[in-house]
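Following: one structure in structure tokens, then a few remarks.
Numbering (my numbering), first residue to last: 6 to 191.
Right, dumping it as structure tokens:
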């Protein structure tokens, strides 16, 4: 298990709350939720948010990451973010987050967990046309969790659709073992 000293979890749902609270319990000095809307708009259950606040989780609301920063060895060192403000409602009825001009800033961290949404990210799949998708728009994988692109593996919600954290964690473990095998043979 990789334990971060400063952990940023991007998202506002129950999975994000689980991830940020778990990072704290695993010994993180600071665990931070990064969410692009206001606290009142978080999709996480109210009690999950309340418990996270009680555990000392820092909330960076109306904040949207734009880049993950790395060091020269390939490790995370932080994230570049923008402050957001709420604009007109979107299709979901929630007020849409809009970037605040000139609000770019960095948050230092050594671990980033992305816990956003339960649908396949259209940016990823549109920007990677070689990824074969199923009829629901999720990434197709073989028994080893390798995608249609050799050496690229996927698991969790982007493969299964909305499922549990336990299944996603299992996919991560399975993919890691298969990535190791793949790298040793290629």
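Think of the CB as a built atom: it goes at the ideal place given N, C-alpha and C, for glycine as much as any other residue.
N- and C-terminal bounds of the alpha helix (DSSP H) containing residue i
i: residue 53; result: 51-59
i: residue 23; result: 19-30
Delimiting residues of the beta strand (DSSP E) encompassing residue i
i: residue 132; result: No beta strand (DSSP E) contains residue 132, which is instead part of the alpha helix (DSSP H) from 127-132.
i: residue 75; result: 68-75
i: residue 36; result: 35-39
i: residue 90; result: 81-94
i: residue 12; result: 11-15
Beta-carbon proximity list for residue i, same chain, < 6 angstroms, skipping 5 on both sides
i: residue 64; result: 38
i: residue 68; result: 39 and 86
i: residue 193; result: Summary: the structure shown does not reach residue 193, with the chain confined to residues 6 through 191, and so no result is reported for it.
i: residue 90; result: 103 and 105
i: residue 66; result: 40, 43 and 44
i: residue 74; result: 82 and 83
Sequence-distant residues of the same chain with beta carbon closer than 8 angstroms to residue i, five excluded per side
i: residue 152; result: 136, 137, 144, 145, 146, 158 and 159
i: residue 101; result: 91, 92, 93, 94 and 95
i: residue 139; result: 145
i: residue 19; result: 48, 49, 50 and 53
Counted within 10 angstroms of its Cβ, other Cβ atoms place residue i as buried (16 or more) or exposed
i: residue 185; result: exposed
i: residue 42; result: buried
i: residue 174; result: exposed
i: residue 77; result: exposed
i: residue 34; result: exposed
i: residue 150; result: buried
Own chain partners of residue i with C-beta closer than 7 angstroms, once the 5 adjacent residues on each side are dropped
i: residue 60; result: 26 and 29
Task: alpha helix (DSSP H) segments (min. 4 residues) lying fully within the segment 135-187 - done: 162-165
- [ ] Please determine if the segment 84-95 and the segment 26-34 are in contact, where contact requires at least 3 C-beta pairs separated by less than 8 angstroms.
- [x] no
Task: At least 3 beta-carbon pairs within less than 8 angstroms: the segment 68-80 vs the segment 43-52 - done: no
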